[in-house]
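A.B. asks: In the UniProt record's numbering, the protein residues as written are 1 to 429. Glycine included, every Cβ here is placed at the ideal spot set by N, Cα and C.
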Ligand SMILES: NC(=O)c1ccc[n+]([C@@H]2O[C@H](COP(=O)([O-])OP(=O)(O)OC[C@H]3O[C@@H](n4cnc5c(N)ncnc54)[C@H](O)[C@@H]3O)[C@@H](O)[C@H]2O)c1
Ligand SMILES: O=c1ccn([C@@H]2O[C@H](COP(=O)(O)OP(=O)(O)O[C@H]3O[C@H](CO)[C@@H](O)[C@H](O)[C@H]3O)[C@@H](O)[C@H]2O)c(=O)[nH]1
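1. Cutting at 6 angstroms between CB atoms, please list the residues of its own chain near residue 4, excluding the five before and the five after it.
2. Since residue 6 is in the beta strand (DSSP E), which residue starts that stretch and which ends it?
3. Assess contact between the segment 131–148 and the segment 97–115, defined as three or more Cβ pairs (one per stretch) separated by less than 8 angstroms. Is contact present?
4. When the Cα atoms are used, what is the spatial distance from residue 358 to residue 261?
5. Per DSSP, residue 237 forms a beta bridge with which residues?
6. Residue 253 and residue 397: beta carbons closer than 8 angstroms?
7. Quick check: the segment 299–318 against the segment 339–346, are there 3 or more CB pairs under 8 angstroms?
8. Is there at least one non-hydrogen atom of ligand 1 closer than 7 angstroms to the beta-carbon of residue 261?
9. Mapping DSSP to helix, strand and coil, what is residue 416?
10. Buried or exposed for residue 91, please, with buried defined as at least 16 other CB atoms from any protein chain shown within 10 angstroms of its CB.
11. So is residue 242 buried or exposed if we call it buried at 16+ other beta carbons inside 10 Å?
12. With DSSP as the reference, please indicate the residues paired to residue 422 in a beta bridge.
13. In chain order, what are the residue ranges of uninterrupted beta strand (DSSP E) at least 3 long that sit wholly in the segment 22–67?
14. Over the uninterrupted beta strand (DSSP E) stretch that includes residue 81, give me the two end residues.
15. If we count the other Cβ atoms within 10 Å of its Cβ and call it buried at 16 or more, is residue 99 buried or exposed?
16. Provide the residue span of the beta strand (DSSP E) that contains residue 145, from first to last.
17. Would you say residue 167 touches ligand 2, meaning its beta carbon is less than 7 angstroms from a heavy atom?
18. Can you look up residue 359 in the DSSP assignment and give me helix, strand or coil?
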């Protein structure tokens, strides 16, 4: 099948490569010329395990091409996936400007029937808006369908998640279009759920918000655990074995970040408000998450009294392991707070880079061990597996004081203490 992907970002590039892997002929376009130039050369602009190999493979197979000729791309492809960003407006609502631009461009170049599929995360009812934008801009009286097919991949495991999804959700009101999409996804073994476009859109936000709720809930329980001297990991394990609850997304820490949970929780709150529905549970989820990095900082200040001129080594910059994405990373919030308290901060991350506004305030070291030398305390912000393998007994003697604040509860508390560290996790002494 000939498929066009609009938006060569995390989702668009991954989706395009998955369709290429399934044997389809994929064209990817973007307004960003540099991204397209790089992708044509096989260069990914983000770190995602395994994706570079697939990119090289399918540039060679000819199953995927990256183009700047947008008009031709629309003309040549009967099936169009919109994968543009839907960032957060100041008031928390979803910003649909990129989606509108892409829709209007499709409309103004629509001369024969096309199926347009929205993969971007958009509020319930948006597919109707997209229909309207296309209808308004099209010049010929041609028909088209707009479907919703939200994406559930996670950064860091994008390839696996897209190849082996828990489900494929399709919002469609046209049986022929549904059948075509089923054919497109043939080869992916997953329950294929067909529903209305609005329901599909709401499923995406509900899933993300539910997962965010699990995280904020366990984070509040972790604070209670600290008071009661109970290990939150023991609690999460005992609770998670109940199959109605499940063990995943019960890792307490410094809160959720990334380009999805923070904005999607706020966008769902906004949808509820616009419909006069009280979704205060999500407002609390958001508030707990906003405070969670501060909870770790409070622990540090209690222990070190003053941070002025103290050297703090921060391990991890990205919002989670296996990605270089620093969007809404709790690590950044913590680093900024440490700086404003007068601390000298040295950081390490295996792939993520400091943002421009921190470059002259923080030193990025090539290894975790280098950042830790002479440190007054270590702060783990991202659960990179490498941090487990650090030679902790050796490093202890190279630090000014052997104190570890583990914002991801990734190290073994008892082991760290037996080595001689003062160790504090989140709900995990
Ligand atoms: N990143 C994730 O893990 C993830 C997972 C599931 C869903 N989503 C959702 O998917 C959508 C895309 O997210 P992303 O992380 O890939 O975003 P991104 O910012 O990485 O990529 C979006 C791309 O769209 C391009 N673009 C914008 N307007 C365009 C236009 N008119 N024509 C062509 N290209 C255009 C941008 O230049 C950019 O390259 C969002 O709605 C997001 O919420 C993201
Ligand atoms: O038990 C947990 C699990 C996760 N996190 C944090 O939550 C954030 C999000 O993690 P994760 O969900 O693994 O990463 P994302 O790539 O943001 O993926 C989420 O957002 C995507 C974009 O919408 C969806 O497609 C995915 O299904 C959804 O998991 C990260 O900061 C994690 O550190 C925790 O603090 N505790």
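C.D. replies: Let me lay it out:
1. 27, 73, 77 and 80
2. 2–6
3. yes
4. 24 angstroms
5. Looking at the DSSP assignment, residue 237 forms no beta bridge with any residue, so it has no partner.
6. no
7. yes
8. Answer for residue 261: no, Cβ out of range of ligand 1.
9. helix
10. Residue environment for residue 91: exposed (fewer than 16 other C-beta atoms within 10 angstroms of its C-beta).
11. exposed
12. 403
13. 25–29 and 64–67
14. 79–82
15. Residue 99 comes out buried.
16. Unbroken beta strand (DSSP E) run through residue 145: 144–148.
17. no
18. coil
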